[in-house]
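Engineer: Mapped onto our numbering, the consecutive letters of the sequence shown carry residue numbers 206 to 463. Every residue, glycine too, gets a C-beta built ideally from N, C-alpha and C.
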Amino acid sequence: PFLLGMFTVSGSPAFPALVLDDEAAISIEAVAALAARLGMALTGRESIFGLLQNWAHNFAALSATVAALADPAAGKYFRSALTAVEFLTPCAPIEAPRQILCELTGIGISSEPKFTAKLASTVVGPKARIHLPKRPGRIVAEAKIGVVIGQPAYLSDVGEAAAAIAGFVTVTDVTLLDGRERAWLEGKSQPSFLPTGPYFVPTAFAGDITTLDLNIAVNGETSRTARLGDRRERVEASLARLSQDHQLFPGDIVCCGM
Numbered sequence: 206p207f208l209l210g211m212f213t214v215s216g217s218p219a220f221p222a223l224v225l226d227d228e229a230a231i232s233i234e235a236v237a238a239l240a241a242r243l244g245m246a247l248t249g250r251e252s253i254f255g256l257l258q259n260w261a262h263n264f265a266a267l268s269a270t271v272a273a274l275a276d277p278a279a280g281k282y283f284r285s286a287l288t289a290v291e292f293l294t295p296c297a298p299i300e301a302p303r304q305i306l307c308e309l310t311g312i313g314i315s316s317e318p319k320f321t322a323k324l325a326s327t328v329v330g331p332k333a334r335i336h337l338p339k340r341p342g343r344i345v346a347e348a349k350i351g352v353v354i355g356q357p358a359y360l361s362d363v364g365e366a367a368a369a370i371a372g373f374v375t376v377t378d379v380t381l382l383d384g385r386e387r388a389w390l391e392g393k394s395q396p397s398f399l400p401t402g403p404y405f406v407p408t409a410f411a412g413d414i415t416t417l418d419l420n421i422a423v424n425g426e427t428s429r430t431a432r433l434g435d436r437r438e439r440v441e442a443s444l445a446r447l448s449q450d451h452q453l454f455p456g457d458i459v460c461c462g463m
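In structure tokens form, the structure reads like this:
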């Protein structure tokens, strides 16, 4: 199993890296030659978003590369590029998704989950500060799972929607409530209102997401805990319903909560 993250080091441009055992990381660029040697050259390796544009191939290539890294012969010239994650600064795994759709939760809407758009300018890394807008109102933060799309989905059934999921990221959906009912775009799309990451977890390694708990802490105190299995609608069913009206593309993020 492996994770993917976007990192900087000493002010460098952000780069994608494999994360192994949640402790050691190796940049995608450092293992690109190994993937090519295995006959599975990576495409779009400048970012996780780029990798997602050809995800089925790239996931297979990354899986083979991780296996080769563990092989004493095949990986011996590449393991020296491993570094401890603690020396890297995490960024948002997908820094500029084409589309972000965010579920409206806990606001007294109908039993069928509804979604609104959230601008890409809201995406920041997991350690970024949230910029509070000058407009008066109440700030609400919700823990959600970000479902990352890995292949186009349109007019999909539930099975097709499930197959379109490349993996998951954790997101904090921040909303400004200022009394303007239904102004969801304005309330949800203030800059920095979607802290994301630190990691992208491929579907194959995520297990049964219905067993996952969503927790959020404000100033160190846990304010809400919920389990994804208690959702009124399974995540893949939500995606299938979304795809009846909206085209979903690789790298899109659909934020699902309770």
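Among the candidates Arg436, Pro331, Gly392, whose CA atom is the shortest distance from the CA of Gly402?
Structural biologist: Comparing Cα-Cα distances from Gly402 to each of Arg436, Pro331, Gly392, the minimum goes to Pro331.
Engineer: Under the three-state reduction of DSSP, which class applies to Gly392: helix, strand or coil?
Structural biologist: Looking at Gly392 - three-state DSSP - the assignment turns out to be helix.
Engineer: Within 10 angstroms of the Cβ of Lys349, are there 16 or more other Cβ atoms? Answer buried if so, exposed if not.
Structural biologist: Counting Cβ neighbours within 10 Å, Lys349 comes out buried, since at least 16 surround it.
Engineer: Which of helix, strand or coil does DSSP assign to Leu225?
Structural biologist: Of the three classes helix, strand and coil, the one that applies to Leu225 here is strand, per DSSP.
Engineer: Provide the residue span of the beta strand (DSSP E) that contains Val379, from first to last.
Structural biologist: It spans 370-382 - the beta strand (DSSP E) in which Val379 sits, taken as one unbroken run.
Engineer: Go through its chain and collect everything with a Cβ distance to Leu419's Cβ below 6 Å, but skip five positions before and after it.
Structural biologist: Excluding sequence neighbours, Leu419 sits near Ala348, Ala431.
Engineer: So, helix, strand or coil for Phe254, using DSSP?
Structural biologist: Looking at Phe254 - three-state DSSP - the assignment turns out to be helix.
Engineer: Please report the Cβ distance between Leu306 and Val459, rounded to the nearest whole angstrom; I am assuming they are in contact, meaning their Cβ atoms lie under 8 Å.
Structural biologist: That belief holds up - the Cβ atoms of Leu306 and Val459 are roughly 5 Å apart, short of 8 Å.
Engineer: What residue from Gly425, Thr248, Ala346 has the CA that sits closest to Leu267's CA?
Structural biologist: Comparing Cα-Cα distances from Leu267 to each of Gly425, Thr248, Ala346, the minimum goes to Thr248.
Engineer: Using the C-alpha atoms, what's the distance from Ala237 back to Lys281?
Structural biologist: Cα-Cα distance, rounded: 15 Å.
Engineer: Between Val345 and Val374, is the Cβ-Cβ spacing less than 8 Å?
Structural biologist: Result no, Cβ atoms of Val345 and Val374 do not sit closer than 8 Å.
Engineer: Might you give, ordered along the chain, the residues of its own chain that have their beta carbon closer than 6 Å to the beta carbon of Met245, omitting 5 neighbours on each side?
Structural biologist: Within the same chain, Met245 has close Cβ partners Ala266, Ala269.
Engineer: With C-beta atoms as the reference, is Thr327 less than 8 Å away from Ser394?
Structural biologist: Yes.
Engineer: Measure the alpha-carbon distance for Ser217 versus Asp383 and round it to whole angstroms.
Structural biologist: Approximately 38 Å between the Cα atoms of the pair.
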